[in-house]
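Following: one structure in structure tokens, then a few remarks.
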Amino acid sequence: MKKILLVATLGILLAGCQTTGGLKINSEADLSANTQIQRVDADALRDSANIELPDNYDVKAFSRIRIAAYIDRVKFEKDAKSTNIDSDTIAKLLENELARTKRYEVLTRNCDACDYEVAFQAENTVEEGSIQLGEQLNPEYVMESSMMFGTAIKKKSDHSEIIFRTLVTTKIVNPTTGEIVHSFEPIRFNMPAKRFFAINGKFLGGFDYREANELQEAYKEVAQKAIQVLVNRSMDYYPVGGRVTNFRNGRFAIDAGINQGFAVKQPVILFLSDDGLDIPIASGEVTPKQDGGSGVMFTWKEDDIDAAEVKNKLEAMGKEYLKRNKVYAVSVGTPENWKL
Numbered sequence: 001m002k003k004i005l006l007v008a009t010l011g012i013l014l015a016g017c018q019t020t021g022g023l024k025i026n027s028e029a030d031l032s033a034n035t036q037i038q039r040v041d042a043d044a045l046r047d048s049a050n051i052e053l054p055d056n057y058d059v060k061a062f063s064r065i066r067i068a069a070y071i072d073r074v075k076f077e078k079d080a081k082s083t084n085i086d087s088d089t090i091a092k093l094l095e096n097e098l099a100r101t102k103r104y105e106v107l108t109r110n111c112d113a114c115d116y117e118v119a120f121q122a123e124n125t126v127e128e129g130s131i132q133l134g135e136q137l138n139p140e141y142v143m144e145s146s147m148m149f150g151t152a153i154k155k156k157s158d159h160s161e162i163i164f165r166t167l168v169t170t171k172i173v174n175p176t177t178g179e180i181v182h183s184f185e186p187i188r189f190n191m192p193a194k195r196f197f198a199i200n201g202k203f204l205g206g207f208d209y210r211e212a213n214e215l216q217e218a219y220k221e222v223a224q225k226a227i228q229v230l231v232n233r234s235m236d237y238y239p240v241g242g243r244v245t246n247f248r249n250g251r252f253a254i255d256a257g258i259n260q261g262f263a264v265k266q267p268v269i270l271f272l273s274d275d276g277l278d279i280p281i282a283s284g285e286v287t288p289k290q291d292g293g294s295g296v297m298f299t300w301k302e303d304d305i306d307a308a309e310v311k312n313k314l315e316a317m318g319k320e321y322l323k324r325n326k327v328y329a330v331s332v333g334t335p336e337n338w339k340l
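All residue numbers for the sequence shown refer to the numbering used here, where the first residue is 1 and numbers rise by one.
Spelled out as structure tokens, the structure:
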């Protein structure tokens, strides 16, 4: 299926030289080497040839996944400008991005306010219903990520640039059995360069790589960008969907919305499910409501006997046909207008 590949780019002219003292020079960091973000091109779904079911879909799993996210460790490359990074802060960034997708029920493991509230209610609440320790929900899956941070220096004619980069490795684990359910490809992300001026090891101005606060903010920034790419990949790996419940004049309704994992307007593939046989028949787009969605058809699969049959019966019978036959809509990749 045709997809748009989007990646942050920045023109960098590599020329000239300047003395930067003790900072190691490394010219390998390049924004073009960033792991790319894949979004579905809705226009491509108007081409009948692209009407295909996504990988890893399952009508029995068309619901939000309960997940807990952890940052296993944060390390620095040997020659990186290192500083103290709170892994809990990075974990919160991951939790927030996962929750924003609506694909997951995210169980936070980094909520200081929650601990305070439990303690407050234990001391001050006498009515039934106060929070009790040990009542938290358990996750179906654990997402565990590790981050390796690095820096690279590029010399210019009148200044130098420092690039912050990260390598993220992630796996999905069944916490009950310890089974690794899925392992994502490593994600590499290089931030646009930050300028500074230095001669013979003496800092003159610009981004101050000597300051811990400056370094910490830069590493958080590159971590968040890499996390957004990771979450993009997870949305592609965990498609959501619902059963089509109504049809009229090229429009349809499904029984799934925001509470079932649709965050924003989402391209979908419609398919007929017949006793274990799933047949892609059309493409469309769903606009979610809280517990349902309204969709519009893009196109029917051409030269397909099953698609033609479903189309004719839907146009003739509408909701009555859908009561007797199972037609589903499943999300395809990441919405084109999903903002990172």
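Quick reminder that beta carbons are idealized off the backbone N, C-alpha and C, glycines included.
Source: prediction; values computed, not measured.
Span separating the alpha-carbon of residue i from that of residue j
i, j, result
"Val332", "Val74", "32 Å"
"Lys154", "Arg195", "10 Å"
"Ser82", "Lys60", "46 Å"
"Ala193", "Met235", "29 Å"
"Glu217", "Ala223", "10 Å"
"Gln356", "Asp79", "What the structure shows of the chain is the stretch from 1 to 340, and residue 356 is not part of that stretch, so it cannot be assessed."
"Val181", "Thr89", "26 Å"
"Arg188", "Thr35", "5 Å"
"Val229", "Gln260", "22 Å"
"Gly22", "Glu221", "With a pLDDT of only 43 at Gly22, under 50, the local geometry of the prediction cannot be trusted, and the value read off the model is given with reservation. In a straight line, the C-alpha of Gly22 is about 25 Å away from that of Glu221."
"Lys289", "Ile258", "6 Å"
"Glu336", "Gly284", "13 Å"
"Lys326", "Ala69", "35 Å"
"Arg324", "Met317", "11 Å"
"Ala44", "Asp86", "43 Å"
"Phe62", "Tyr237", "13 Å"
"Ala42", "Thr334", "10 Å"
"Glu161", "Val231", "29 Å"
"Leu98", "Val106", "7 Å"
"Glu185", "Asn312", "43 Å"
"Ala91", "Gly178", "21 Å"
"Arg46", "Ala308", "16 Å"
One or two residues paired with residue i in a DSSP bridge
i, result
"Thr169", "Ser146"
"Asn50", "Asn50 pairs with nothing; no bridge assigned."
"Gly284", "Val268 and Met297"
"His182", "Ile172"
"Ala198", "Phe203"
"Gln290", "BP columns for Gln290 are empty, so no partner."
"Glu105", "Arg66"
"Phe247", "Phe252"
"Ala329", "Gly242 and Leu270"
Nearest-angstrom Cβ-Cβ length linking residue i and residue j, presumed shorter than 8 Å
i, j, result
"Val173", "Glu144", "6 Å"
"Phe247", "Lys319", "7 Å"
"Val268", "Val296", "Contact doesn't hold; Cβ gap of about 10 Å is too wide."
"Gly206", "Tyr328", "The Cβ separation is near 55 Å, so there is no contact."
"Tyr141", "Ile65", "6 Å"
"Val264", "Trp338", "6 Å"
"Glu77", "Met148", "6 Å"
"Glu95", "Asn110", "7 Å"
**Asked** Residue ranges of each beta strand (DSSP E) run of no fewer than 3 residues wholly in the segment 53 to 78, ordered along the chain?
**Response** Runs found: 65 to 76.
**Item:** Segment contact, 8 Å Cβ cut-off, at least three pairs: the segment 289 to 305 with the segment 46 to 54
**Value:** Here the segment 289 to 305 makes contact with the segment 46 to 54; the two share three or more CB pairs at distances below 8 Å.
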